[in-house]
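Q: Here it is: the structure, laid out below.
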Amino acid sequence: MTTLLYLIPIALFLGGLGLGAFIWSLRSGQYDDLDGAASRILIDDENKPK
């Protein structure tokens, strides 16, 4: 029973940390252009120098 006193706050802290990381990624623009990377692979770059 005493282990729950340690595990519940740790789980809440890790959940909050994950939620904070997700909100940070939304605000920093990580999900702005979801279709760009998918269509960029279809573009042929023959004229681009290597």
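Using the working numbering, read the sequence shown as starting at -9 and increasing by one per residue.
Ideal Cβ placement from N, Cα and C applies to all residues, glycine included.
This structure is a prediction, so every number in the text was calculated from the model and none was measured.
Is DSSP giving ASP25 helix, strand or coil here?
A: Helix.
Q: Quick one: grab the DSSP three-state call for LEU32.
A: Annotated three-state conformation of LEU32 is coil, per DSSP.
Q: Which stretch, first to last residue, makes up the alpha helix (DSSP H) that contains SER15?
A: -8 to 17
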